[in-house]
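Position in the sequence shown (from 1) plus 1259 gives the number in this note's numbering. From the three backbone atoms N, C-alpha and C, an ideal C-beta is built for every residue, glycine too. As the structure is a prediction and not an experimental result, all values here were calculated from the model.
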Amino acid sequence: MAFAQLGTAPGPESGVPVNSTGGVLFRADDIFSSAELQAMRIDGLVHRVCGQSYARADHRLDPASRAQSAILCVPGPLRSKVVLARQSAAWVYGCSALPATVILVTDHRRRTTALPPFSDALMHQVALGPCDVRLIGGVGVTSPLRTALDIAVHGDDAWTVPTLVRLATLPGLNCDLRLVVTAIEAARRVPGKNRALARMQSAMHQVDAARPA
């Protein structure tokens, strides 16, 4: 399925890449072993962020560090070819809980090697437009508008509407749900299209109800 282009051209990269060499994020078996990092967590020196990634205890997580920690579950050669999406993207923006599996997408027009067996990530091939992806901490993440669209279509009932509301109301994301509705209505062969539109209407009603009179 293909969706109409959402939003405007991506702006400058958000955030500064952070990783083990910067002393903020640590991945098991990079500088420290998994056992060492777990011991450091017990001692209050680090806290687990995502998968086998840990952050220094005094570091306040932001979109850049969340994106960096999530992408570390992907083999190095694949990292520039995949994009964090759906609930993983919403988590990066601070609008959703951390999903059990890192959700990735890759443009179906690009040749991409499959993830290794027993990976902590799940990858989908989709159509991505030039405005559907932004860089956060050096990591590709679906834009807030594309994230909202994907969640409306593919998200679980338990968290979809609350996540859409947060995407629409968090300052700086500029996620106008009306644009998402227009894109869904214009798309063909969308699985669960009516359900997605109902979710969007529910989220928009909650957003409108929360606005000051």
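Q: Just the C-alpha distance for D1321 and V1351, rounded to the nearest angstrom, thanks.
A: If you number the sequence shown from 1, residue 1321 lands on position 62. If you number the sequence shown from 1, residue 1351 lands on position 92. Rounded to whole angstroms, D1321 to V1351 spans 8 Å at the Cα level.
(Q) Report the CB separation of T1406 from L1426 in whole angstroms; it is logged as a contact under 8 Å. (A) Within the sequence shown, residue 1406 is the residue found at index 147, counting from 1. Within the sequence shown, residue 1426 is the residue found at index 167, counting from 1. T1406 to L1426, Cβ: 6 Å. Contact.
Q.
Comparing C-alpha positions only, which one of M1382, L1456, V1364, T1372 sits nearest to G1388?
A. Here residue 1388 refers to the residue found at position 129 of the sequence shown. It is V1364.
Q: Give the C-beta separation of C1309 and L1374 to the nearest angstrom, bearing in mind that I take them to be a contact with Cβ-Cβ under 8 Å.
A: For the purposes of this step, residue 1309 is identified with residue 50 of the sequence shown, where counting begins at 1. For the purposes of this step, residue 1374 is identified with residue 115 of the sequence shown, where counting begins at 1. Not really, about 16 Å apart at Cβ, beyond 8 Å.
Q: Out of T1422, G1397, G1399, point me to the one whose CA is closest to D1409's CA.
A: Within the sequence shown, the letter at position 150 stands for residue 1409. Comparing Cα-Cα distances from D1409 to each of T1422, G1397, G1399, the minimum goes to T1422.
Q. Just curious, the alpha helix (DSSP H) that D1409 is in, first and last residue?
A. Here residue 1409 refers to the residue found at position 150 of the sequence shown. It spans 1403-1413 - the alpha helix (DSSP H) in which D1409 sits, taken as one unbroken run.
**Q.** D1289 versus A1359 - alpha carbon distance
**A.** Along the sequence shown, one-based indexing puts residue 1289 at 30. Along the sequence shown, one-based indexing puts residue 1359 at 100. The alpha-carbon atoms of D1289 and A1359 are separated by roughly 22 Å.
Q) How is D1379 classed by DSSP in three states: helix, strand or coil? A) Translated into positions along the sequence shown, residue 1379 becomes position 120. Residue state, collapsed to three classes: coil.
Q: Quick one: give me the first and last residue of the beta strand (DSSP E) that R1325 is part of.
A: For the purposes of this step, residue 1325 is taken as the residue at position 66 of the sequence shown. Here R1325 belongs to no beta strand (DSSP E); instead the alpha helix (DSSP H) covers 1322-1330.
Q.
Tell me whether the segment 1330-1348 and the segment 1294-1303 touch, counting them as touching only if at least three CB pairs, one residue from each stretch, are closer than 8 Å.
A. no
Q: From the DSSP output, in three-state form, read off H1464 for me.
A: For the purposes of this step, residue 1464 is taken as residue 205 along the sequence shown, with counting starting at 1. Three-state result, H1464: helix.
Q) Straight-line CA distance for T1371 to V1305? A) For this step, residue 1371 is matched to residue 112 along the sequence shown. For this step, residue 1305 is matched to residue 46 along the sequence shown. If you take the alpha carbons of T1371 and V1305, they lie about 34 Å apart.
Q.
Once DSSP output is grouped into helix, strand and coil, what is the label at S1339?
A. As a first step, residue 1339 must be located in the sequence shown, where it is residue number 80. Helix at S1339.
(Q) In chain order, what are the residue ranges of uninterrupted alpha helix (DSSP H) at least 4 long that sit wholly in the segment 1431-1457? (A) Within the segment 1431-1457, the complete alpha helix (DSSP H) runs of at least 4 residues are 1436-1445.
Q | Pick from G1414, R1448, V1466 that is closest to C1434, judged by C-alpha positions | A | Translated into the one-based positions of the sequence shown, residue 1434 becomes position 175. When each option's Cα is compared against that of C1434, the closest is V1466.
Q. S1312 by DSSP, collapsed to three states: which one?
A. As a position in the sequence shown, residue 1312 is number 53, starting the count at 1. Three-state result, S1312: strand.
**Q.** Sheet register partners of V1392 (DSSP bridge)
**A.** One-based indexing of the sequence shown puts residue 1392 at position 133. According to DSSP, which records beta bridges pairwise, V1392 is partnered with T1401.
Q | Touching by the beta-carbon criterion (3+ pairs, under 8 Å), the segment 1413-1422 and the segment 1453-1466 | A | Judged by Cβ distances under 8 Å, the segment 1413-1422 makes contact with the segment 1453-1466, as three or more pairs qualify.
Q. Assuming S1339 contacts V1361 under a Cβ cut-off of 8 Å, what Cβ separation, rounded to an integer in Å, is found between them?
A. Here residue 1339 refers to the residue found at position 80 when the sequence shown is read from its first residue. Here residue 1361 refers to the residue found at position 102 when the sequence shown is read from its first residue. That pair is no contact at about 16 Å.
Q: Tell me where the alpha helix (DSSP H) around L1387 begins and ends.
A: As a position in the sequence shown, residue 1387 is number 128, starting the count at 1. Premise fails: L1387 is in no alpha helix (DSSP H) and is neither H nor E.
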